[in-house]
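A.B. asks: Pasting in a structure now, in structure tokens, and then I'll have a few things to ask.
Protein chains: 2
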Amino acid sequence: MSILVVGTVAFDSLETPFGKADAVLGGSATYFSTSASFFTDVNLVAVVGEDFPEESVEFLKSRNISIEGLERMPGKTFHWKGKYGYDLNEAQTLETHLNVLADFRPQLPAGYAESEYLFLANIDPDLQLEVMSQAKNARLVACDTMNFWISSKPDSLTKVLQRVDIAIINEGEARQYTQEANLVKAAKKILAHGVNTLIIKRGEYGVLMFNGSSVFAAPAYPLEQVFDPTGAGDTFAGGFMGYLANTGDTSDAGIRQAIIFGSVMASFNVEDFSLERMKKLTYPEVEERFRHFKSLTHFEGLPVL
Amino acid sequence: MSILVVGTVAFDSLETPFGKADAVLGGSATYFSTSASFFTDVNLVAVVGEDFPEESVEFLKSRNISIEGLERMPGKTFHWKGKYGYDLNEAQTLETHLNVLADFRPQLPAGYAESEYLFLANIDPDLQLEVMSQAKNARLVACDTMNFWISSKPDSLTKVLQRVDIAIINEGEARQYTQEANLVKAAKKILAHGVNTLIIKRGEYGVLMFNGSSVFAAPAYPLEQVFDPTGAGDTFAGGFMGYLANTGDTSDAGIRQAIIFGSVMASFNVEDFSLERMKKLTYPEVEERFRHFKSLTHFEGLPVL
């Protein structure tokens, strides 16, 4: 089954201790779509300006991502400028130019309305609600968000959480939204809104998943070269949702495997700037790293002493 | 086989967001010994002052910990005062009263010299070297350290690392000692000293183990109540070394299981102040939580898409 994603397509300018990149391809929907495209077809809904290069459109097309929903508006493409220190865990935003994103009102093309898998990347929760009401056939909906919406639109965000099946947020956001320092308690509060599966992203420490009474902890892949963490969360979500859409297996076991695929994709993405690593990535490499995750986490059962 | 541990027996006074404890039993060797005692006999080497209560001595004895090496010196017992904020990841030291610890020169009782398993808890690396030269039959030696020794005695610490089989340190210390932000690179530098197995503790995020070409990531157990993280690292080391001494299995598989036992023991210890939780803990509870760790980390192998 195809996946529908609504989010941003952007230019990123960033500095890490390992180099600089100026106005390179970025955005939550871009990272998500590219990652998910290794597993299934993707229908993209986003907005770009007149300055968005044909080359990037061609790249998306080359990944079998439908760009029928990629709206082009007069003006400039959303541009984010950020900086990372040595720990690479948190980006410092230097400049945010919303540009055409300021007036974005997602409109699903007729063909997209059939999508059964929907990912609401980090955008205004009111727009996330609007997209959900348009995507009438979505049977599995996941969302992301960010600190900005938690503080500015907590009620809208709560409405989103009441309607999605899966929430994928980072641990600082989980604590901020619930006002709970303890992550297990924070998770319970979020699940209480009706979310079936909560995935808490912890950067270089991996993810924690809460799904009914099931709890799953997956590490991040320990890498010797982490170049640029931009887009890691969306790349994770793309691998995760892409795998679910490919198999339709939303059992606890299926969700755990999907989390590993998400972690695999994210681990590749951070190895280079922008989507450079994803452009070269092959599916056999994905499979090889999945096997590495297995050996990274495996231990024998309880011994008798 | 029995384990020999050299470290501190102390009084801790601490504040967490959940309460206060004044002059309660603590110290690296205390936590280590108590945890290891669930798996094997322990020979304890440490120093206390005249104020150390008989009740605590009786507790150690009740856990089959040999206190022949627990030296009693004129003066007061080592006393640490600290404080934790809501994140519970890092203690803020308020006061350190070394007292009798200032003049501690470990002397192994004759019977202890036969121990084949040795844990050098966090003490002056020069004392760690001295203990290694006394423990002539130790065939598996592990050490801990802290930021204070990394900055004040880096050369002595390097000599320790050149002689131990296993180093168990936290991630901030690994970065500080190697001057490497990337943890995989930091691990390689430490292993280059001749350490066979490096375990990097990451607090609530679990541990990473590097052992030749094998890398293992174990999560910490997600707990709804974390009361007091004091001693978690030493309790981890106690379960880890205790299991190895019990089984003698130092293969990669054995070390991975030992890490899970260490993680299990640490997860119980943080549930209450001081050693209160350990005093009530039973081995069936340990086994049950080991099984929970298995379900916490398990996922199916690579699917064919």
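Protein chains in written order, with my numbering: chain A, -7 to 297; chain B, -7 to 297.
Where a beta carbon is used, it is the ideal one built from N, C-alpha and C, also for glycine.
Keep in mind it's a predicted model, so treat the numbers as computed, not measured.
1) What residue range does the alpha helix (DSSP H) around ASN139 of chain A cover?
2) Checking the sheet assignment: what are the DSSP bridge partners for LYS12 of chain B?
3) Return helix, strand or coil for LEU17 of chain B, following the three-state DSSP convention.
4) Does the beta carbon of ILE252 of chain B come closer than 8 Å to any beta carbon on chain A?
5) Going by DSSP, which residues form a beta bridge with MET65 of chain B?
6) Pairs of beta-carbons, one from the region 127 to 139 of chain B and one from the region 97 to 113 of chain B, closer than 8 Å: are there three or more?
7) Identify the continuous alpha helix (DSSP H) that holds ILE252 of chain A and give its terminal residues.
8) In the DSSP assignment, what residue or residues form a beta bridge with VAL(-2) of chain A?
9) Are three or more beta carbon pairs between the region 278 to 290 of chain B and the region 289 to 297 of chain A nearer than 8 Å?
10) Is the distance from the Cβ of LEU200 of chain A to the Cβ of GLU263 of chain A below 8 Å?
11) With 16 other CB atoms within 10 Å as the buried threshold, where does PRO146 of chain A fall?
12) Could you tell me the boundaries of the alpha helix (DSSP H) in which GLN126 of chain A lies?
13) To the nearest angstrom, report how far apart HIS185 of chain A and ARG155 of chain A are at their CA atoms.
14) Against ARG248 of chain A, what residues of chain B qualify as contacts under a CB-to-CB distance less than 8 Å, listed in chain order?
15) For a contact defined as C-beta to C-beta under 7 Å, what are the partners of LEU215 of chain B on chain A?
16) Taking the alpha carbon of GLY225 of chain A as the reference point, which residue from A:LEU100, A:MET(-7), A:SER(-6) and A:GLY(-1) has its own alpha carbon closest?
17) Skipping 5 residues on each side, what residues in its chain have a beta carbon closer than 7 Å to that of TYR235 of chain B?
18) If we define contact as Cβ-Cβ less than 8 Å, is GLU82 of chain A a contact residue for chain B?
19) Just checking my contact of SER25 of chain B with LEU52 of chain B at CB under 8 Å: how many whole Å lie between their CB atoms?
20) Does the Cβ of GLU47 of chain B have 16 or more other Cβ atoms within 10 Å, making it buried, or fewer, making it exposed?
21) Mind pulling the chain B residues with CB within less than 9 Å of TYR31 of chain A?
22) For LYS286 of chain A, which residues in chain B fall below 7 Å Cβ to Cβ?
23) Please list the partners that TYR76 of chain B has in chain A, where partner means a Cβ-to-Cβ separation under 7 Å.
24) So, LEU100 of chain A versus GLY61 of chain A, is the Cβ gap smaller than 8 Å?
25) Considering only C-alpha positions, which residue in the set A:SER144, A:LEU132, A:PRO117 and A:ALA105 is nearest to GLN126 of chain A?
26) Counting C-beta neighbours from all protein chains within 10 Å, is the total for TYR78 of chain B 16 or more, i.e. buried, or is it exposed?
27) Closer than 9 Å, Cβ to Cβ, to anything on chain A: give me those residues from the region 194 to 205 of chain B, in chain order.
28) Would you say ASN162 of chain B lies against chain A (beta-carbon separation less than 8 Å)?
C.D. replies: Straight from the coordinates:
1) Under the DSSP assignment, ASN139 of chain A falls in the alpha helix (DSSP H) whose first and last residues are 139 to 144.
2) LYS12 of chain B is bridged to B:GLU7.
3) Strand.
4) Taking 8 Å as the threshold, the shortest C-beta distance from ILE252 of chain B to chain A falls below it.
5) Among the bridge pairs identified by DSSP, MET65 of chain B is matched with none.
6) Below 8 Å, enough C-beta pairs join the region 127 to 139 of chain B and the region 97 to 113 of chain B to call them touching: three or more.
7) In the DSSP annotation of this structure, the continuous segment of the alpha helix (DSSP H) that includes ILE252 of chain A starts and ends at 244 to 261.
8) According to DSSP, residue pairing for VAL(-2) of chain A in a beta bridge involves A:VAL37 and A:LEU112.
9) Contact holds: three or more Cβ-Cβ distances are below 8 Å.
10) Not in contact: LEU200 of chain A and GLU263 of chain A (Cβ atoms no closer than 8 Å).
11) The residue in question, PRO146 of chain A, is exposed, as its Cβ has fewer than 16 Cβ neighbours within 10 Å.
12) Start and end: 117 to 126.
13) Just so you know, the alpha carbons of HIS185 of chain A and ARG155 of chain A end up roughly 8 Å apart.
14) Neighbours of ARG248 of chain A on chain B, chain order: HIS290, PHE291 and GLU292.
15) What LEU215 of chain B touches in chain A: VAL176.
16) From the listed residues A:LEU100, A:MET(-7), A:SER(-6) and A:GLY(-1), the smallest Cα separation to GLY225 of chain A is found for A:GLY(-1).
17) Closer than 7 Å at Cβ, skipping near neighbours: PHE31, GLN249, ALA250 and PHE253.
18) Chain B contact via Cβ: absent.
19) Their Cβ separation, rounded to whole angstroms, is 7 Å, which keeps SER25 of chain B and LEU52 of chain B in contact under 8 Å.
20) With fewer than 16 other Cβ atoms within 10 Å, it is exposed.
21) One point to set straight first is that residue 31 of chain A is Phe, not Tyr, in the sequence displayed. Proximity of chain B to PHE31 of chain A at the Cβ level (cut-off 9 Å) is accounted for by LEU297, in chain order.
22) Going along chain B in sequence order, the residues near LYS286 of chain A (Cβ under 7 Å) are GLY293.
23) Within chain A, no residue comes near TYR76 of chain B; the closest Cβ sits about 11 Å away, beyond 7 Å.
24) At a Cβ-Cβ threshold of 8 Å, LEU100 of chain A and GLY61 of chain A count as neighbours.
25) The shortest Cα separation from GLN126 of chain A among A:SER144, A:LEU132, A:PRO117 and A:ALA105 belongs to A:ALA105.
26) Counting Cβ neighbours within 10 Å, TYR78 of chain B comes out exposed, since fewer than 16 surround it.
27) Going along the region 194 to 205 of chain B in chain order, one finds ARG194, GLU196, TYR197, GLY198, LEU200 and PHE202 with a Cβ nearer than 9 Å to chain A.
28) Chain A places no beta carbon closer than 8 Å to that of ASN162 of chain B, leaving this residue out of the contacts.
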